[in-house]
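Using our numbering, read the sequence shown as starting at 27 and increasing by one per residue. Where a beta carbon is used, it is the ideal one built from N, C-alpha and C, also for glycine. Note that the structure is predicted; figures quoted are calculated from it, not measured. Notes follow once the structure below has been shown.
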Amino acid sequence: MKSRFWRAAAVAVVLATCSAQVVAGGHRHYHGSRYYGGAGWWVGGALLGAGVALALSSGPRYAYSGVTYVSPPVVYPGPTYVAPAYVAPSYVAPSVTYVTPAPVATYAPPRLAVAPSSLNVVAYPAKGQSESQQMQDRQACENWAMNQSGLNPNNITEYTTTASADSYTRALGACFKGRGYSIN
Numbered sequence: 027m028k029s030r031f032w033r034a035a036a037v038a039v040v041l042a043t044c045s046a047q048v049v050a051g052g053h054r055h056y057h058g059s060r061y062y063g064g065a066g067w068w069v070g071g072a073l074l075g076a077g078v079a080l081a082l083s084s085g086p087r088y089a090y091s092g093v094t095y096v097s098p099p100v101v102y103p104g105p106t107y108v109a110p111a112y113v114a115p116s117y118v119a120p121s122v123t124y125v126t127p128a129p130v131a132t133y134a135p136p137r138l139a140v141a142p143s144s145l146n147v148v149a150y151p152a153k154g155q156s157e158s159q160q161m162q163d164r165q166a167c168e169n170w171a172m173n174q175s176g177l178n179p180n181n182i183t184e185y186t187t188t189a190s191a192d193s194y195t196r197a198l199g200a201c202f203k204g205r206g207y208s209i210n
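The following block contains the structure:
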C-alpha cells in the first residue's frame, strides 16, 4: 500500500514539473486578436497529479497479514450394512382348539322397594265437586306432592326409598284435605 502511494506521488511531481517547464518556457500562441498562454497548465498538472495519486492510493486492499482459517471439506460416508436390512419373520399357526362358550348370566330385574300402587291416595269429594274438578284437583295435588317430597311416581327405581314414598303420600293427602276431600 505504501509503495502505491509513493508511486502516485512521484507521478504527481513529474506532471507538475512538466507543466511548470511549459509555463517557464513561455509557450504562447496567437489566435486572432488575443494571446493564449500556458499560465494555467502547471496548476492543471498539479491537480491531475494529485488526483492520480489519490486514485492509486485509495484502491482496494486485499492483503491480510493474519492467520487464515480454511475449513476441511465435509465428507458424508455412505451407510454400511453388516446384516441384511430385512428378514421375514417366521410364523407358526397355533393349534386350533374348540371351546364351548360360557353360559350367559341372566339377572332378575331389580326389586322395587316401593310398589307404585301404594302411592295412590283415595280421595272422596266431601263438598260435591264435579268430575272435571276432581281431575283438576288430583293433577294439582300430584304436582304439589312431587315438589314437596322430591319423588316422581312415574319414575320409581330400585333407589327409591320408603321414606320418600311416605313423604309423597302424606303431601298428597294434605293437599286433598285442603281442597275439601276426605281421604282413606
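* Comparing alpha-carbon positions, which option in A141, P99, V96 lies nearest T187? -> Counting from 1 along the sequence shown, the entry for residue 187 is found at position 161. Of the candidates A141, P99, V96, the one whose C-alpha sits nearest the C-alpha of T187 is A141.
* **Between the CA atoms of Q160 and S143 - distance to the nearest angstrom** => Against the sequence shown, residue 143 aligns to sequence position 117. Against the sequence shown, residue 160 aligns to sequence position 134. Going by the C-alpha atoms only, they are around 19 Å apart.
* Locate the alpha helix (DSSP H) running through M194, then write down its first and last residues. => Walking along the sequence shown from the start, residue 194 turns up at place 168. Residue 194 is actually Tyr in this sequence, not Met. Start and end: 188-204.
* **Endpoints, the beta strand (DSSP E) within which S149 is located** => Taking the first residue of the sequence shown as 1, we reach residue 149 at position 123. Rather than Ser, the amino acid found at residue 149 in this sequence is Ala. Here the beta strand (DSSP E) through A149 covers 149-151.
* Express the C-alpha separation of V100 and T94 in angstroms, rounding to a whole number. => Taking the sequence shown and counting its residues from 1, the one referred to as residue 94 is at position 68. Taking the sequence shown and counting its residues from 1, the one referred to as residue 100 is at position 74. Using only the alpha carbons, I get a separation of about 18 Å.
* To do: With DSSP collapsed to three states, give me the class of S208.
  => Position 182 of the sequence shown holds residue 208. The answer is strand: DSSP assigns S208 an E or B state.
* Counted within 10 angstroms of its Cβ, other Cβ atoms place A134 as buried (16 or more) or exposed -> Your numbering for residue 134 matches position 108 in the sequence shown. The residue in question, A134, is exposed, as its Cβ has fewer than 16 Cβ neighbours within 10 Å.
* Report the rounded CA-to-CA distance for V130 versus P105, giving the unit in angstroms. => Counting from one through the sequence shown, the residue named residue 130 turns up at place 104. Counting from one through the sequence shown, the residue named residue 105 turns up at place 79. Cα to Cα, the separation comes out at about 59 Å.
* DSSP-derived helix/strand/coil call for A166 -> Numbered from 1 along the sequence shown, position 140 holds the residue referred to as residue 166. A166: helix per DSSP, three-state reduction.
* Could you pull out every residue in the same chain whose Cβ sits closer than 7 Å to the Cβ of A191, ignoring the five residues on either side in sequence? => Position 165 of the sequence shown holds residue 191. For A191, where only same-chain residues beyond five positions count, the Cβ hits under 7 Å are V140, S144, L145, L177.
* Since I believe A171 is in contact with Y5 (beta carbons under 8 Å), could you give me their beta-carbon distance rounded to a whole number of angstroms? => Residue 5 lies beyond the stretch modelled for the chain, which goes from 27 to 210, so this question has no answer here.
* To do: Could you round the C-beta distance between P127 and Y207 to whole angstroms and report it? I think they count as a contact, below 8 Å.
  => The residue labelled residue 127 in the question sits at position 101 within the sequence shown. The residue labelled residue 207 in the question sits at position 181 within the sequence shown. In fact, because the Cβ distance is near 59 Å, the residues do not count as touching under 8 Å.
* **For I182, the nearest candidate out of V96, T132, R137 (CA to CA)** => On the sequence shown, position 156 is the one that residue 182 refers to. Here the closest residue by C-alpha is R137.
* To do: Just the C-alpha distance for D163 and T132, rounded to the nearest angstrom, thanks.
  => For the purposes of this step, residue 163 is taken as residue 137 along the sequence shown, with counting starting at 1. For the purposes of this step, residue 132 is taken as residue 106 along the sequence shown, with counting starting at 1. Distance between the alpha carbons of D163 and T132: 44 Å.
* V147 burial status per 10 Å Cβ neighbour count (16 or more: buried) -> Residue numbering aside, residue 147 sits at position 121 when the sequence shown is read from its first letter. That one is buried.
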